[in-house]
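Q: One structure coming up, written as structure tokens, with questions to follow.
Chains as they are written, first to last, in our numbering: chain A, 9 to 181; chain B, -7 to 55.
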């Protein structure tokens, strides 16, 4: 069960033009910055333009993977023991996070992950309980670049939400 | 021997979180994979002990 095997497949897909630039977001990316926890899938964010009918078509991705023996499973595709979910960027914030993702290596395999500041902003924007818990962890352990984070909040109109979050969850710390 | 206070425990927990957060990427990925294996084992055990397996799967999907 090695993540790098799944990443190699993603890199091959990118090289073959099946997907454009991809970057890891979600829990796996977050856990690379904060205390690691349990997650069962990798969120691979991709840029994908809607077709003529305005619909996003993931079929080429699934067809490519199926031809190589990787089967769809729930919302993702099981690639070498990791369930990979292909997520077209759905908001300007996610699109920017993909654009500005940073290059890293895992087990010698190159890949990209969202910056911690973008992950924090996405947590704030999505706002599920687990996102807010993660956001607290980012503040306490993630060593974010505050000016970069504030810029992202400003660009994506999240400042009021941040003040609300800070008042509610961070005033005692 | 001094008794351990609640404040000591919280401090120790915070230090452990910070230590884990500072691990290299590769080590963190191994931890995630280990947690995944344990999580799957626990899920499988839950399925065995449930009266209805389909009910358990339905329940499991909520997460």
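Ideal placement from N, C-alpha and C gives every residue a C-beta, glycine not left out.
Going by other Cβ atoms of all chains shown within 10 Å of its Cβ, with 16 needed for buried, is residue 152 (chain A) buried or exposed?
A: Taking the first residue of the first chain as position 1, residue 152 (chain A) is located at position 144. With 16 or more other Cβ atoms within 10 Å, it is buried.
Q: How close, in whole Å, do the beta carbons of residue 24 (chain B) and residue 47 (chain A) come, if the pair is a contact with beta carbons under 8 Å?
A: For the purposes of this step, residue 24 (chain B) is identified with residue 32 of the second chain, where counting begins at 1. For the purposes of this step, residue 47 (chain A) is identified with residue 39 of the first chain, where counting begins at 1. Going by Cβ atoms, the distance from residue 24 (chain B) to residue 47 (chain A) rounds to 6 Å, so yes, they are a contact pair.
Q: Can you tell me which of the three DSSP states residue 6 (chain B) falls into?
A: As a first step, residue 6 (chain B) must be located in the second chain, where it is residue number 14. Reduced to three states, the DSSP call for residue 6 (chain B) is helix.
Q: Contact criterion: CB-CB distance below 9 Å. Does residue 4 (chain B) meet it with respect to chain A?
A: Here residue 4 (chain B) is taken as the residue at index 12 of the second chain, counted from 1. Closer than 9 Å: no.
Q: What are the residues in the segment 129 to 149 of chain A lying within 8 Å of chain B by C-beta distance?
A: So the close ones are 145, 148 and 149.
Q: Identify each residue in the segment 3 to 28 of chain B for which the Cβ-Cβ distance to at least one residue of chain A is less than 7 Å, and report them in chain order.
A: Result list: 9, 10, 12, 13, 17, 18, 20, 21, 23, 24, 25, 27 and 28.
Q: What is the rounded straight-line gap between the Cα of residue 43 (chain A) and the Cα of residue 60 (chain A)?
A: In the first chain, counting from the first residue as 1, residue 43 (chain A) sits at position 35. In the first chain, counting from the first residue as 1, residue 60 (chain A) sits at position 52. When rounded, the distance between both Cα atoms is 43 Å.
Q: Which of helix, strand or coil does DSSP assign to residue 158 (chain A)?
A: Counting from 1 along the first chain, the entry for residue 158 (chain A) is found at position 150. Residue 158 (chain A): helix per DSSP, three-state reduction.
Q: How far does the alpha helix (DSSP H) with residue 35 (chain A) in it extend, from its first residue to its last?
A: Working through the first chain from its first residue, we reach residue 35 (chain A) at position 27. First-last of the alpha helix (DSSP H) with residue 35 (chain A): 34 to 41.
Q: Quick one, are the C-beta atoms of residue 13 (chain B) and residue 135 (chain A) less than 9 Å apart?
A: Looking up residue 13 (chain B) in the second chain gives position 21. Looking up residue 135 (chain A) in the first chain gives position 127. Contact: no.
Q: Could I get the ranges of all uninterrupted alpha helix (DSSP H) runs contained in the segment 43 to 117 of chain A, with 4 residues as the minimum, in chain order?
A: 67 to 75 and 100 to 107, all fully within the segment 43 to 117 of chain A.
Q: Does residue 10 (chain A) come out as helix, strand or coil in the three-state DSSP assignment?
A: Translated into positions along the first chain, residue 10 (chain A) becomes position 2. Here residue 10 (chain A) sits in coil by DSSP.
Q: What is the residue span of the alpha helix (DSSP H) that residue 26 (chain A) lies within?
A: Within the first chain, residue 26 (chain A) is the residue found at index 18, counting from 1. Run containing residue 26 (chain A): none; DSSP gives neither H nor E here.
Q: State buried or exposed for residue 31 (chain A), treating a residue as buried only when at least 16 other CB atoms are found within 10 Å of its CB.
A: Against the first chain, residue 31 (chain A) aligns to sequence position 23. Residue 31 (chain A) is buried by the Cβ-count criterion.
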